[in-house]
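This report concerns only the one structure given below.
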Amino acid sequence: MKYSQLFGRTRKSQKQYESKNQTLLQQAGFVDQVSAGVYAFLPLGLRVLNKISNIVREEMNAIGGQEVLLSALVPQELWEKTNRWNLDVAFKTELNNGGKFALGWSHEEVISTIAQQYIQSYKDLPFAPYQIQTKFRNEARAKSGIMRGREFLMKDMYSFHVDQTDLDAFYERAKDAYFRVFSRVGLGDRTFVTFASGGVFAKFSHEFQTLSDAGEDTIYLQRDKNIAINKEVLTDEVLAELGVRRDELEEVKAIEVGNIFKLGSRFSEGLDVKFLDEKGAQQFPVMGCYGIGPSRVMGTVVECLSDEKGMVWPKEIAPYAVHLIDIGEGARGQAEFVYESLKKRGVEVLWDDRDLRAGEKFADADLIGIPLRVVVSERNGKMLEVKERSEGEVRVIELEALSAFV
RNA sequence: CGGGGUGUAGCGCAGUUGGUAGCGCGCAUCGUUCGGGACGAUGAGGUCGACGGUUCAAAUCCGUCAUUCCCGACCA
11 MKYSQLFGRT RKSQKQYESK NQTLLQQAGF VDQVSAGVYA FLPLGLRVLN KISNIVREEM
71 NAIGGQEVLL SALVPQELWE KTNRWNLDVA FKTELNNGGK FALGWSHEEV ISTIAQQYIQ
131 SYKDLPFAPY QIQTKFRNEA RAKSGIMRGR EFLMKDMYSF HVDQTDLDAF YERAKDAYFR
191 VFSRVGLGDR TFVTFASGGV FAKFSHEFQT LSDAGEDTIY LQRDKNIAIN KEVLTDEVLA
251 ELGVRRDELE EVKAIEVGNI FKLGSRFSEG LDVKFLDEKG AQQFPVMGCY GIGPSRVMGT
311 VVECLSDEKG MVWPKEIAPY AVHLIDIGEG ARGQAEFVYE SLKKRGVEVL WDDRDLRAGE
371 KFADADLIGI PLRVVVSERN GKMLEVKERS EGEVRVIELE ALSAFV
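In the numbering used here, the protein residues as written are 11 to 416.
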């Protein structure tokens, strides 16, 4: 992609928000705020978001998840079956004939109602559909850039099992899959599985909490034992159960990037999803649900991995692999050659082909945060000057040697 | 939903005791520049959030509503 043709661009003057991700993503032209908690993703931002979604997709598929796309409009009657119609989070709307709907802020009702048609026998279980869809939540106060919005992208998976044992086994596989997701997006070393409130049917749920001062949650860490506990469930009883002492805990701020939850049979009972077991007896499937918000993950990466010059994207989710810069008119032809060569090799490259001075191009490259910067100039002739965004070292190499960096 | 701040050109901002609006960036044209956000010249671009009130006169004072940011509350 040639930067001169890109929809969206960097700004020199940018309001400095309290939220780093809001400031940097807007300044670099990755997102545009439409309203409080409502964001449009521009080409660069969408590329990142899609890469995160694809990682999630791959890892969910790897444990047997099956992708679906549910409806965003969810009728009142479904919510009423589970007593969730009158909740503040819901954006409500209605048809011209008066039928009432809420925009989906979670989809247990929809998926369970559909599942009901396909679950008759224990032989039909287990399965785990998931979707990646925009969720709508009527937050009283949107905040923190793209991390707590009124609409946001969410991967939600729901699993259905014949019994608790089967759920427990799948739950552990989902937990592992979540670790792989956070590792791949570059947050692995600072993301902890955290004991959190389990609601009515389970003692705990598990949150995936990424350490960051920008986080809304307070968690307590025992790093040696790799145990983390959300402040909301920190009691002496819980500490005893987990085998940790209060005085060995470290209090930290964290961002909840994922949450997995054992639902038991609340929804299968509420929505009357039943199957016949081996003995011909009617049973309710045991369910689990598993959420990750790709847009929140994107914001979290910005919060955690940026520096004073701008964003620093990990390779797996960077909008492009290479940020090509040509300096001086004499380098234009060589830049064109390098650009075409890289594209032919399947390397994703953003070429800043604007007729600007070097300083502006460097500053924009730092702000945008693509992992590898490649400079061509008359000074370097046919050689390429490469520098990784995350470190300072500059190397001069031949085009053929570039594959070692991307 | 309570509390505080904010609203003026595409973006970031200034605008004093009321007298119908400026600066920087960006943008357009030209020239000089050209390895860490260059410089000069010329130019385009705003019913000052909305509505109502006070006044000869309102970006400016008063009221209401909407907006946005932050703190808190909330957060299957």
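Ideal Cβ placement from N, Cα and C applies to all residues, glycine included.
Looking at I302 and A184, is the spacing between their C-beta atoms short of 8 Å? Taking the first residue of the first sequence as 1, we reach residue 184 at position 174. Taking the first residue of the first sequence as 1, we reach residue 302 at position 292. Cβ atoms of A184 and I302: not closer than 8 Å.
Have a look at A212 and L273 and give me their C-alpha separation to the nearest angstrom. The residue labelled residue 212 in the question sits at position 202 within the first sequence. The residue labelled residue 273 in the question sits at position 263 within the first sequence. Distance between the alpha carbons of A212 and L273 is about 7 Å.
Entirely within the region 59 to 133 and at least 3 residues each: give me those beta strand (DSSP E) ranges in chain order. Scanning the region 59 to 133 from its first residue to its last, the whole beta strand (DSSP E) runs of 3-plus residues come out as 75 to 77, 83 to 85, 102 to 104, 110 to 113.
Local conformation of T433 per DSSP, three classes: In the structure displayed, the chain extends from 11 to 416; residue 433 sits before or after that span and is not available.
Taking the straight line between their C-alpha atoms, what separation do you get for S116 and A238? The residue given as residue 116 occupies position 106 in the first sequence. The residue given as residue 238 occupies position 228 in the first sequence. Their backbone Cα atoms lie some 26 Å apart in a straight line.
Going by Cα to Cα distance, which pick from R399, E161, G391 is closest to L82? The count along the first sequence starts at 1 and reaches residue 82 at position 72. Here residue 82 is Ala; the residue named in the question, Leu, does not match the sequence. Selected option, being the one with the closest Cα: E161.
State yes or no: is the C-beta of P304 within less than 8 Å of the C-beta of L59? Here residue 304 is taken as the residue at index 294 of the first sequence, counted from 1. Here residue 59 is taken as the residue at index 49 of the first sequence, counted from 1. Cβ atoms of P304 and L59: closer than 8 Å.
Since S278 is in the alpha helix (DSSP H), which residue starts that stretch and which ends it? As a working mapping, residue 278 is identified with position 268 in the first sequence. Looking at the DSSP string, the run of the alpha helix (DSSP H) that includes S278 is 276 to 280.
Would you kindly work out how many angstroms separate the C-alpha atoms of A50 and L80, rounded to a whole number? Within the first sequence, numbered from 1, the residue matching residue 50 stands at position 40. Within the first sequence, numbered from 1, the residue matching residue 80 stands at position 70. A straight line joining the alpha-carbon of A50 with that of L80 spans about 21 Å.
Proximity to N148 [Cα-Cα], best of A112, M321, S122: Working through the first sequence from its first residue, we reach residue 148 at position 138. The option with the nearest alpha carbon to N148 is A112.
Quick one: what's got a C-beta closer than 7 Å to Y128's C-beta in the same chain, skipping five residues either side? In the first sequence, residue 128 corresponds to position 118, counting from 1. The answer, listed in chain order, is D134.
Are the beta-carbon atoms of V359 and A331 separated by less than 8 Å? As a position in the first sequence, residue 359 is number 349, starting the count at 1. As a position in the first sequence, residue 331 is number 321, starting the count at 1. At the C-beta level, V359 and A331 come within 8 Å of one another.
According to DSSP, is I337 part of a helix, a strand, or is it coil? Taking the first sequence and counting its residues from 1, the one referred to as residue 337 is at position 327. Of the three classes helix, strand and coil, the one that applies to I337 here is strand, per DSSP.
Keeping to the same chain, check which residues put their C-beta closer than 7 Å to that of I62; ignore five residues upstream and five downstream. Start at 1 with the first residue of the first sequence, and residue 62 comes out as number 52. So the list reads V195, P304, V307, M308, I327, once near-sequence residues are dropped.
Find out if the Cβ-Cβ distance for the pair E398, L412 is shorter than 8 Å. Residue mapping note: residue 398 aligns to position 388 of the first sequence, counting from 1. Residue mapping note: residue 412 aligns to position 402 of the first sequence, counting from 1. Against a cut-off of 8 Å, the Cβ pair of L412 and E398 comes out as no contact.
Where does R255 sit, in a helix, a strand or coil, going by DSSP? Counted from its first residue, the first sequence places residue 255 at position 245. DSSP places R255 in coil when its eight states are reduced to three.
In this structure, how does DSSP classify Y349 when only helix, strand and coil are distinguished? Position 339 of the first sequence, counting from 1, holds the residue named residue 349. If DSSP states are grouped into helix, strand and coil, Y349 belongs with the helices.
Mind checking whether T245 and I229 have CB atoms under 8 Å apart? Here the question's residue 245 lines up with position 235 in the first sequence. Here the question's residue 229 lines up with position 219 in the first sequence. Their beta carbons are not under 8 Å apart, which means T245 does not touch I229 by this criterion.
When we look at the beta-carbon of K417 and count the other beta-carbons within 10 Å, is it buried (16 or more) or exposed? Residue 417 falls outside the range modelled here, since the chain spans only 11 to 416, and no answer is possible.
Apply the 10 Å Cβ neighbour rule to Q24 and answer buried if 16 or more other Cβ atoms are within range, or exposed otherwise. Looking up residue 24 in the first sequence gives position 14. Exposed: under 16 other Cβ atoms inside 10 Å.
Exposed or buried, what is D363 when buried is set at 16 or more other beta-carbons lying within 10 Å of its beta-carbon? One-based indexing of the first sequence puts residue 363 at position 353. So D363 counts as buried.
Compute the beta-carbon to beta-carbon distance between I335 and V267, rounded to the nearest angstrom, for a pair I have assumed lies under 8 Å. Taking the first sequence and counting its residues from 1, the one referred to as residue 335 is at position 325. Taking the first sequence and counting its residues from 1, the one referred to as residue 267 is at position 257. Wrong, their Cβ atoms sit about 33 Å apart, outside the cutoff.
With contact counted as at least three CB pairs below 8 Å, one residue from each stretch, are the region 247 to 261 and the region 118 to 132 in contact? Contact fails: fewer than three Cβ-Cβ distances are below 8 Å.
Run through the DSSP bridge pairs and tell me what K165 is partnered with. Residue numbering aside, residue 165 sits at position 155 when the first sequence is read from its first letter. Answer is I142, I302.
Under the three-state DSSP convention, the category E388 falls into: The residue given as residue 388 occupies position 378 in the first sequence. Of the three classes helix, strand and coil, the one that applies to E388 here is helix, per DSSP.
Tell me the rounded alpha-carbon separation between N390 and S351. What you label residue 390 is simply residue 380 of the first sequence in a count that begins at 1. What you label residue 351 is simply residue 341 of the first sequence in a count that begins at 1. Straight-line measurement puts the Cα of S351 at about 18 Å from the Cα of N390.
Can you give me the start and stop residues for the beta strand (DSSP E) that E395 sits inside? Translated into positions along the first sequence, residue 395 becomes position 385. Start and end: 394 to 398.
Alpha carbon to alpha carbon, what distance is there between A206 and I124? Translated into positions along the first sequence, residue 124 becomes position 114. Translated into positions along the first sequence, residue 206 becomes position 196. One C-alpha to the other measures close to 29 Å.
I need the straight-line Cα distance from K235 to F347, nearest angstrom please. Counted from its first residue, the first sequence places residue 235 at position 225. Counted from its first residue, the first sequence places residue 347 at position 337. The straight-line gap from Cα to Cα measures roughly 53 Å.
Pop quiz: S122 and S278 are said to be a contact at Cβ under 8 Å. What is the actual Cβ separation, rounded to whole angstroms? In the first sequence, the residue the question calls residue 122 occupies position 112. In the first sequence, the residue the question calls residue 278 occupies position 268. Contact between S122 and S278 holds: CB atoms are separated by about 6 Å, below the 8 Å threshold.
Can you name, in chain order, every residue of its own chain whose Cβ lies under 6 Å from the Cβ of I378, other than the five neighbours on each side? The count along the first sequence starts at 1 and reaches residue 378 at position 368. Cβ within range, chain order: A38.
What runs of the beta strand (DSSP E), each 3 residues or longer, lie entirely inside the region 146 to 215? List check, beta strand (DSSP E) in window: 161 to 171, 201 to 207.
Counting Cβ pairs closer than 8 Å, one from the region 41 to 56 and one from the region 12 to 20, do we hit at least three? With a cut-off of 8 Å, the region 12 to 20 and the region 41 to 56 count as touching, because enough Cβ pairs lie within range.
Using a Cβ-Cβ cutoff of less than 6 Å, which residues in the same chain neighbour M11 once the five nearest sequence positions on both sides are dropped? Along the first sequence, one-based indexing puts residue 11 at 1. Taken in chain order, the residues that qualify are L360.
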